[in-house]
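Numbering (my numbering), first residue to last: 17 to 380.
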């Protein structure tokens, strides 16, 4: 009898297998992002990222089959890794030279409004019962740069999908209100182009809305508002670092409280040590600073900026599509209108404090 040698089937390597599993869901995400980005360019006040999460939520609700186990790896990949990649690409739009040109006159207003936003989020969030990830994301989004800041904070702390949706909805609502009201209010107050640009750059969240309000006031106001907005975006670095450190220390403390006596001893020792820099400084934040450095050094040609901006928008929109596809409408109903109310209070406080700080510093 002839013996036939049989060989076990070749097994796909773990990384390749993981990538294969992400493809179906990722294709759904990219298709919806391909529709959301043009819609965002058609209606800039809304923007591609907001359209992305709206299309994701609507598609998931209307076609539940797209929420099967076959699609989840792709959605998770988009909401994590594409989100981080978007922050790196967005860094190419920040020139450190422009930050220096803004000067010390604008810095007190920017730092003051950031402190008002973060402090207000903590205080009013406790009062309204809006806590945890939602409280953090609304505060960071209002204080720094809207959707980009929400994306960076989400990548840093792994925020819940519902918190991301609430924060984006809140930021979007008051972006629209600001674009419609700020130019009229600026003229009624008799603000100079520089004063209005500083006000718009510190009190309006997303870049597209800052540009819309600034240039609606005047060309000079729009130019100044955009530079202030880019400088404000640099505040992402210390805030994200702070969030990462806070999250790591909380996790270490939780492991001390829940582990066995031996584990508690080990975790307590770890909690007492300094955190390793790899945990303190997320890789996407290093990429963001490197991209800004390349732009500042003149190694990113100006002609590339439109395409890089479009790529960054597409990546963040894809990430939010993935988050939207994973959301359940029932999850959004639980918090009611309290997050929106928190956003309203913070927006009013930031807008008012920006004017007050300009008055105090002589910029108004």
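In this text, a Cβ means the ideal position worked out from N, Cα and C, and glycines have one as well.
Item, Value
"So, with DSSP's three-state summary, where would you put residue 353?", "coil"
"Between which residues of its own chain and residue 149 is the CB-CB distance below 6 Å, once the five residues before and five after are set aside?", "175, 176, 179"
"Can you give me the C-alpha to C-alpha distance between residue 153 and residue 166, rounded to a whole angstrom?", "6 Å"
"Quick one: which unbroken alpha helix (DSSP H) runs of 4-plus residues sit fully inside the segment 25 to 93? Chain order, please.", "30 to 58, 64 to 78, 88 to 93"
"Write down every uninterrupted run of the beta strand (DSSP E) in the segment 116 to 198 whose length is 3 residues or greater and which is fully enclosed by it, in chain order.", "none"
"When DSSP labels each residue in this structure, what does residue 250 get in the three-state scheme?", "coil"
"With a CB to CB cut of under 6 Å and the five nearest residues on each side skipped, what residues in its chain are close to residue 382?", "In the structure as shown, the chain starts at 17 and stops at 380, and residue 382 therefore has no counterpart that could be examined."
"Mind checking whether residue 185 and residue 229 have CB atoms under 8 Å apart?", "no"
"On a Cα-Cα basis, can you pick out the residue from 74, 66, 90 that is closest to residue 41?", "90"
"Is residue 314 helix, strand or coil when you go by DSSP?", "coil"
"Would you identify the three-state DSSP class for residue 234, choosing helix, strand or coil?", "coil"
"Given that a residue counts as buried once 16 or more other Cβ atoms are within 10 Å of its Cβ, and exposed if not, what is residue 366?", "buried"
"Quick check on the burial criterion: 16 or more other C-beta atoms within 10 angstroms. Buried or exposed for residue 203?", "exposed"
"Excluding the five sequence neighbours on either side, which residues of its own chain have a C-beta within less than 8 Å of the C-beta of residue 88, listed in chain order?", "41, 342"
"Would residue 59 pass as a contact of residue 181 if the rule is Cβ separation under 8 Å?", "no"
"Straight-line CA distance for residue 112 to residue 123?", "14 Å"
"Figure out for me which residue from 73, 108, 37, 234 has the closest Cα to the Cα of residue 317.", "108"
"With DSSP as the reference, label residue 113 as helix, strand or coil.", "helix"
"Give the straight-line distance between the Cα atoms of residue 46 and residue 104, rounded to the nearest whole angstrom.", "19 Å"
"Given a cut-off of 8 Å on the beta-carbon distance, is the pair residue 79 and residue 190 in contact?", "no"
"Would you say residue 362 and residue 136 are within 8 Å of each other, going by their C-beta atoms?", "yes"
"Near residue 256, what residues of its chain come up, given a Cβ to Cβ distance below 6 Å and the 5 sequence neighbours on each side ignored?", "168, 172, 301"
"Please confirm if residue 85 has its CB atom under 8 Å from at least one CB of chain D.", "Protein chain content of the structure displayed is limited to a single chain, and chain D is not contained in it."
"Is it buried or exposed for residue 39, if we count other Cβ within 10 angstroms and need 16 for buried?", "exposed"
"In this structure, does DSSP put residue 364 in helix, strand or coil?", "helix"
"Is residue 378 buried or exposed, if buried means 16 or more other CB atoms sit within 10 Å of its CB?", "exposed"
"Assuming the contact rule is C-beta atoms closer than 8 Å, residue 339 and residue 95 should be a hit. Round their C-beta distance to whole Å, please.", "5 Å"
"Once you ignore the five residues that flank residue 132 on each side, which residues in its own chain have a CB closer than 7 Å to its CB?", "365, 366, 369"
"Compute the beta-carbon to beta-carbon distance between residue 65 and residue 242, rounded to the nearest angstrom, for a pair I have assumed lies under 8 Å.", "About 19 Å separates the two Cβ atoms, so there is no contact after all."
"Look at the alpha carbon of residue 220 and the alpha carbon of residue 371, and state the distance between them as a whole number of angstroms.", "13 Å"
"Could you check how far apart the C-beta atoms of residue 213 and residue 237 are, in whole angstroms? I think they sit under 8 Å.", "4 Å"
"Measuring straight from C-alpha to C-alpha, what distance separates residue 286 and residue 265?", "Unreliable placement is indicated for residue 286, whose pLDDT of 38 sits below 50; the coordinate value is still reported in the next sentence. The alpha-carbon atoms of residue 286 and residue 265 are separated by roughly 9 Å."
"So the candidates are 56, 116, 141, 208; which of them puts its Cα closest to the Cα of residue 356?", "141"
"Let me confirm a value: residue 210 is counted as buried when at least 16 other C-beta atoms fall within 10 Å, else exposed. Which label applies?", "buried"
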